[in-house]
Amino acid sequence: MAKKDTNVAAPALTPSTFQILLALAGGERHGYSIMKEVAESSEGGVRLGPGTLYGTLKRLLEIGLVEESGERADAETEDERRRYYRITKRGLTVARAEARRLELMVRAARQKKLIGPARA
Amino acid sequence: MSAHETIYRFLLRAYPDEFRSAYGREMEQLFRDQRRDAADSAVRLWAETVWDVVRSAPALRIEGARARWNHIYTRESNMKTMAILAMLTGIVLAASALIEGWAGGIGNHDGLSLTAGILGLLAGALLFAAGIGLLRQSSRAAMRANVGAITCLAAFALITVAAPRMSVLTTILGIGFPIALLFFLRWTRGRGSSASPIARV
Chain Z
161 MAKKDTNVAA PALTPSTFQI LLALAGGERH GYSIMKEVAE SSEGGVRLGP
211 GTLYGTLKRL LEIGLVEESG ERADAETEDE RRRYYRITKR GLTVARAEAR
261 RLELMVRAAR QKKLIGPARA
Chain W
3 MSAHETIYRF LLRAYPDEFR SAYGREMEQL FRDQRRDAAD SAVRLWAETV
53 WDVVRSAPAL RIEGARARWN HIYTRESNMK TMAILAMLTG IVLAASALIE
103 GWAGGIGNHD GLSLTAGILG LLAGALLFAA GIGLLRQSSR AAMRANVGAI
153 TCLAAFALIT VAAPRMSVLT TILGIGFPIA LLFFLRWTRG RGSSASPIAR
203 V
């Protein structure tokens, strides 16, 4: 019998975890870049502090959803060297599963008229 | 380094050492970036920063302590400890059964004492064998340990009821330890696999 992948089926990432995976789904980033991307994409709804950001990144690194991709200076600011992070294949799978789960919830909320129709 | 950065560096002491050594430099760097981009709202930045430390540092400390605990008390090390205890108890039981039962039986021509001694000796040997099985961590170790513990328990229950010739201490050890071993084996059976790590992130 095929072994069921319980990790992918695992429910409900925390909002900050999902936001970090979303930010990294667009390409590798350093800590501050992740923080800014999360604040922008959530329209200021999720504001990660350094402790929450690096605490979550540490856990994501430990379970292989994110990996380090080297240390270099920011291409835009060209200031200090920074450590960059990128999402792994497994991280993408988990983020997709979470996005699908949220999509189903939003669809159900729409059917119950808790929120309006999707904006074009 | 500005006073803000000095205070932030001090606040970082709230985090576990290993976390600080891995991410402390990046956190300071990030705090500098935040200050640069929020120069006109320092009070808000500090309020958010303090709240972030209060929220995340204890969780990381608890997580670190739990990881250390799990590292020390792994299933394997528990198994090893229990195996050694089983072997030692087996030796003690066998020796005391030999001394109390057999010597008493020969000296007093008491058949029941002799039988109790032989049963106790066998029970101790079984417990010792169960310990060796657990120590080797063979595929059937748990099953053998279960059989050893149950047989030892049955032997000492029989001795206690039919021929109460053993000392109180030997009887308690002969009945108490197999029960503890059985509980331990049942407890470790459910701890072989942990829950999905993703559920906690």
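The listed protein sequences derive, respectively, from chains Z and W. 161 is the number of the first residue of the first sequence in my numbering; add one for each residue after it. 3 is the number of the first residue of the second sequence in my numbering; add one for each residue after it. Just so you know, even glycine gets a beta-carbon here, dropped at the ideal spot from N, CA and C. Predicted model, so just to flag it, every value in this text is computed and none were measured.
Nearest residue (CA-CA) to residue i, options the options
{"i": "Z/R207", "options": "Z/S176, Z/A259, Z/G224, Z/E258", "result": "Z/S176"}
{"i": "Z/E222", "options": "W/I152, W/F21, W/R34", "result": "W/F21"}
{"i": "W/E28", "options": "Z/E200, Z/L182, Z/K218, Z/G186", "result": "Z/K218"}
{"i": "W/L187", "options": "W/G135, W/P166, W/V170", "result": "W/G135"}
{"i": "W/A143", "options": "W/L114, W/G92, W/M81", "result": "W/M81"}
{"i": "Z/L225", "options": "Z/R250, Z/G204, Z/T212", "result": "Z/R250"}
{"i": "W/A1", "options": "W/T172, W/P180, W/W189, W/S4", "result": "The shown model of chain W, from 3 to 203, leaves out residue 1 of chain W, and the question about it has no answer."}
{"i": "W/F185", "options": "W/A5, W/M84, W/R57", "result": "W/M84"}
{"i": "W/L166", "options": "W/L116, W/A44, W/N148", "result": "The sequence shown places Pro at residue 166 of chain W, not Leu. For W/P166, the nearest C-alpha among the options comes from W/L116."}
{"i": "W/T190", "options": "W/G178, W/S23, W/I174, W/N148", "result": "W/N148"}
{"i": "Z/G215", "options": "W/S23, W/R37, W/G178, W/L90", "result": "W/S23"}
{"i": "W/L137", "options": "W/I120, W/N72, W/P180, W/I86", "result": "W/I86"}
{"i": "Z/G209", "options": "W/R68, W/S43, W/F33, W/L183", "result": "W/F33"}
{"i": "W/G178", "options": "W/Y10, W/I120, W/A88", "result": "W/A88"}
{"i": "Z/E132", "options": "Z/T248, Z/L213, Z/L264", "result": "What the structure shows of chain Z is the stretch from 161 to 280, and residue 132 of chain Z is not part of that stretch, so it cannot be assessed."}
{"i": "W/A5", "options": "W/E78, W/A69, W/E30", "result": "W/E30"}
{"i": "Z/A172", "options": "Z/G276, Z/A185, Z/G204, Z/E263", "result": "Z/E263"}
{"i": "Z/T174", "options": "Z/A268, Z/A259, Z/A278, Z/A269", "result": "Z/A259"}
Own chain partners of residue i with C-beta closer than 8 Å, once the 5 adjacent residues on each side are dropped
{"i": "W/M237", "result": "Examination of residue 237 of chain W is not possible in this model, given that chain W is present from 3 through 203 alone."}
{"i": "Z/S229", "result": "E188, Y244, Y245, R246"}
{"i": "W/A131", "result": "G92, R146, G150"}
{"i": "Z/Y192", "result": "R242"}
{"i": "Z/E231", "result": "R241, R242, R243, Y244"}
{"i": "W/L47", "result": "Q36, R37, A40"}
Contacts of residue i in chain W (Cβ-Cβ under 8 Å)
{"i": "Z/T212", "result": "D54, R57, S58"}
{"i": "Z/K245", "result": "With the sequence shown as reference, residue 245 of chain Z is identified as Tyr, and Lys is not the correct amino acid for it. Residues of chain W passing the Cβ test: none, with the nearest at roughly 10 Å."}
Cutoff 7 Å; reference residue i; Cβ partners in own chain excluding five residues on either side
{"i": "Z/S202", "result": "Q179"}
{"i": "W/P18", "result": "L62, R63, G66"}
{"i": "Z/D234", "result": "H190, R242"}
{"i": "Z/L182", "result": "S201, A255"}
{"i": "Z/M195", "result": "L208, L213"}
Residue i - DSSP class collapsed to helix/strand/coil
{"i": "W/G133", "result": "helix"}
{"i": "W/Y17", "result": "coil"}
{"i": "Z/G247", "result": "It is Ile, not Gly, that sits at residue 247 of chain Z in the sequence shown. If DSSP states are grouped into helix, strand and coil, Z/I247 belongs with the strands."}
{"i": "W/S58", "result": "helix"}
{"i": "Z/S229", "result": "strand"}
{"i": "Z/R242", "result": "strand"}
{"i": "W/R142", "result": "coil"}
{"i": "Z/R189", "result": "strand"}
{"i": "W/R188", "result": "helix"}
{"i": "Z/E263", "result": "helix"}
{"i": "W/S169", "result": "coil"}
{"i": "Z/F178", "result": "helix"}
{"i": "W/D35", "result": "helix"}
{"i": "W/R63", "result": "helix"}
{"i": "W/I93", "result": "helix"}
{"i": "Z/I223", "result": "coil"}
{"i": "W/A40", "result": "coil"}
{"i": "Z/R207", "result": "coil"}
{"i": "Z/K196", "result": "helix"}
{"i": "W/M3", "result": "coil"}
{"i": "W/T204", "result": "Outside the shown range of chain W, which is 3 to 203, sits residue 204 of chain W, and nothing can be said about it."}
{"i": "Z/L217", "result": "helix"}
{"i": "W/G119", "result": "helix"}
{"i": "Z/A301", "result": "What is shown of chain Z runs 161 to 280, which leaves residue 301 of chain Z out entirely."}
{"i": "W/P180", "result": "helix"}
{"i": "Z/A269", "result": "helix"}
{"i": "W/A99", "result": "helix"}
Under 7 Å from the C-beta of residue i: neighbouring residues of chain Z
{"i": "W/T51", "result": "G209"}
{"i": "W/L62", "result": "G215"}
Proximal residues of chain W, C-beta to C-beta of residue i below 9 Å
{"i": "Z/G191", "result": "Y25, E28, M29, Q31, L32, D35"}
Own chain residues within Cβ distance below 6 Å of residue i, not counting five before or after
{"i": "W/T51", "result": "none"}
{"i": "W/A16", "result": "V55, A59"}
{"i": "Z/V168", "result": "A caution first: Z/V168 carries a pLDDT of 45, below 50, which makes its placement in the model too unreliable to give a value."}
{"i": "W/L128", "result": "G150, T153, C154"}
{"i": "W/P180", "result": "A151, C154, L155"}
{"i": "Z/V198", "result": "Q179, A183, V206, L208"}
{"i": "W/L14", "result": "R22, G26"}
{"i": "Z/R270", "result": "none"}
Chain W residues whose Cβ lies nearer than 7 Å to that of residue i
{"i": "Z/E240", "result": "Q31"}
{"i": "Z/K249", "result": "Simply none; closest approach about 14 Å."}
Near the ligand GDP: residue i beta-carbon under 8 Å from a heavy atom
{"i": "W/F179", "result": "Here there are no bound small molecules, and the ligand GDP is not part of this structure."}
Short CB-CB distance (under 9 Å) between residue i and chain C
{"i": "Z/E203", "result": "Of the protein chains in the structure, Z and W, none is chain C."}
* Closer than 8 Å, Cβ to Cβ, to anything on chain Z: give me those residues from the region 6–32 of chain W, in chain order. => Y17, F21, A24, Y25, E28, M29, Q31, L32
* the region 256–279 of chain Z: which residues have C-beta closer than 8 Å to a C-beta of chain W, in chain order? -> none
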